[in-house]
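Protein chains in written order, with my numbering: chain P, 1 to 156; chain X, 157 to 312; chain S, 313 to 468. Please read the structure below before turning to the comments.
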Amino acid sequence: MPSPDDRLRALGIELPDPLSPVATYRMAKRHGDMLYLSGHVCFALDGSGVIAGKVGDDLSDEEGYQAARLTTIHLLATLRGELGSLDAVAAVLKVFAMVNVAPGFTGIPKIADGCTDLLVDVFGDDAGKPARAAVGMAELPLGAAVEIDLVAAVRP
Amino acid sequence: MPSPDDRLRALGIELPDPLSPVATYRMAKRHGDMLYLSGHVCFALDGSGVIAGKVGDDLSDEEGYQAARLTTIHLLATLRGELGSLDAVAAVLKVFAMVNVAPGFTGIPKIADGCTDLLVDVFGDDAGKPARAAVGMAELPLGAAVEIDLVAAVRP
Amino acid sequence: MPSPDDRLRALGIELPDPLSPVATYRMAKRHGDMLYLSGHVCFALDGSGVIAGKVGDDLSDEEGYQAARLTTIHLLATLRGELGSLDAVAAVLKVFAMVNVAPGFTGIPKIADGCTDLLVDVFGDDAGKPARAAVGMAELPLGAAVEIDLVAAVRP
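See the structure below:
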């Protein structure tokens, strides 16, 4: 079975450096075999800042999906940074996908799939497909289009 | 002491088939003795679709309460589907009740009681009364009036 | 190293009695060495009720920060009430800071620092600085300006 790193390579994804906190928190905190990741937002990989705006108005559905996928690339970078290798991820347990929405935008599950489709691609269906909640937020930090946190189980 | 199934019968509640995911996630994911449930929404039991709208505008307080109770019936169906029996639920640890609100609607705790009142009725006060957060969301998937997720402890 | 109680004294903070639930839930629920705290809101310490309003409109940034700090004082009171002593807190794992925002207000991380700055002051950087998500909510219970929940690890 290909490793998560093999799968990333096959997808043509090179993980960036892990994001740094913008305030008083850490990007991840471990307790036993559980790892809590902070809410990550969709920073562009070219360093031009956060993808901002409201899905259903400033961003199309496809752009929203891509923002969720981009956010997940940062989550993966944090996982690898914390654990040394994505091989140490036993399972993604729960994802909370928060989408910055224009009034009346309810197509939230398809936007959140930008996250969980990639998790399944990288970790496989068993380990990578999590429980999930997906919701439409009034506002997000920095005006980000998407914020996502997760809880993962870690190999001992 | 009556079992959760006895209590459901006494309440006249017959659990429906567990909901299926509408996108890339699973309805529940287990890790050790913890079970994470995805955000569930208030699908009508007659198959007519989701109870949609904003509490405080499209839905009255009582209709919002009933939507939270209905959502919880689906959460119970998922718990039974995953565990084989509600007897396997050791405790409901944390509930996150997300209410789709009209601007200015702040009576959120009473709406969320539609969930936790039923959990207490089914599992008793000790096991069934959880820690809880209840909030007012800008939008929810499919326009649902209520979305709820939870974390439960499972008997070994 | 000063104890959390020493640190509170040095900060001039006297913890109030723990808040009581306003509906069907408990303020905290323990499972093994994990303690889930309910969403707490910013009740004034003088008993005059909740600090209500939207940050970015009714409340300034500084007032929002103070509302998050006040909410955290209640979280600390619940932790001490549940555990007997703040010494029993091994670590704060995850904080979810929900800010009641005016449209367009995106300075959410600095408001949420009203919580995590105090946690670091009380428990130190290692134990007190958690993973965090911070978001802007459409509405909160009672119109509160801030609601925060957390998960803590408890000493055996």
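The beta carbon of each residue, even a glycine, is placed where N, CA and C say it ideally should be.
What's the call for residue i, buried or exposed, on a 16-neighbour Cβ count within 10 Å?
i         : result
ASP33(P)  : exposed
GLU326(S) : exposed
ARG319(S) : buried
ALA44(P)  : exposed
PRO314(S) : exposed
ARG288(X) : buried
For residue i, which residues in the same chain have their Cβ closer than 6 Å to its Cβ, ignoring the five residues on either side in sequence?
i         : result
ALA247(X) : ALA283, ALA309
PRO16(P)  : LEU45, ALA77
LEU431(S) : VAL404, GLY440
Taking C-beta to C-beta, are residue i and residue j nearer than 8 Å?
i         : j         : result
GLY455(S) : ILE420(S) : no
GLY56(P)  : PHE105(P) : yes
VAL458(S) : ALA389(S) : no
ALA446(S) : ALA409(S) : yes
LYS266(X) : TYR221(X) : yes
ILE148(P) : LEU70(P)  : no
LEU398(S) : LYS29(P)  : no
ALA179(X) : ALA138(P) : no
From residue i to residue j, what does the alpha carbon distance come to, in whole angstroms?
i         : j         : result
ASP113(P) : GLY39(P)  : 17 Å
PRO468(S) : ILE385(S) : 24 Å
CYS198(X) : GLU219(X) : 11 Å
LEU371(S) : GLY361(S) : 16 Å
PHE435(S) : LEU296(X) : 36 Å
ASP117(P) : ASN100(P) : 19 Å
ASP358(S) : SER332(S) : 16 Å
TYR337(S) : LEU306(X) : 13 Å
ARG321(S) : ASP373(S) : 26 Å
ILE207(X) : HIS31(P)  : 38 Å
ASP281(X) : ASP125(P) : 37 Å
In chain order, what residues of the same chain have a beta carbon less than 8 Å from the beta carbon of residue i, not counting five sequence neighbours either side?
i         : result
LEU239(X) : LEU191, VAL245, VAL310
ASP5(P)   : SER85, LEU86, ASP87
Quick one: what's got a C-beta closer than 7 Å to residue i's C-beta in the same chain, skipping five residues either side?
i         : result
PRO174(X) : MET183, ALA233, THR234, GLY237
ASP433(S) : ARG319, LEU323
VAL407(S) : CYS427, THR428, PRO442, ARG444, ILE460, LEU462
Chain C partners of residue i, CB-CB under 9 Å?
i         : result
PRO442(S) : Considering every chain present, this structure includes no chain C. Its protein chains are P, X and S.
For the ligand HEM, is there a heavy atom less than 7 Å away from the beta-carbon of residue i?
i         : result
GLU170(X) : Only the bare structure without any ligand can be found here, which leaves the ligand HEM out of the picture.
Beta strand (DSSP E) segments (min. 3 residues) lying fully within the stretch 165-234 of chain X: Uninterrupted beta strand (DSSP E) stretches at least 3 residues long and entirely within the stretch 165-234 of chain X occur at 184-187, 190-197, given in chain order.
Whole alpha helix (DSSP H) elements within the stretch 72-154 of chain P, 4-residue minimum: The qualifying runs are 108-128.
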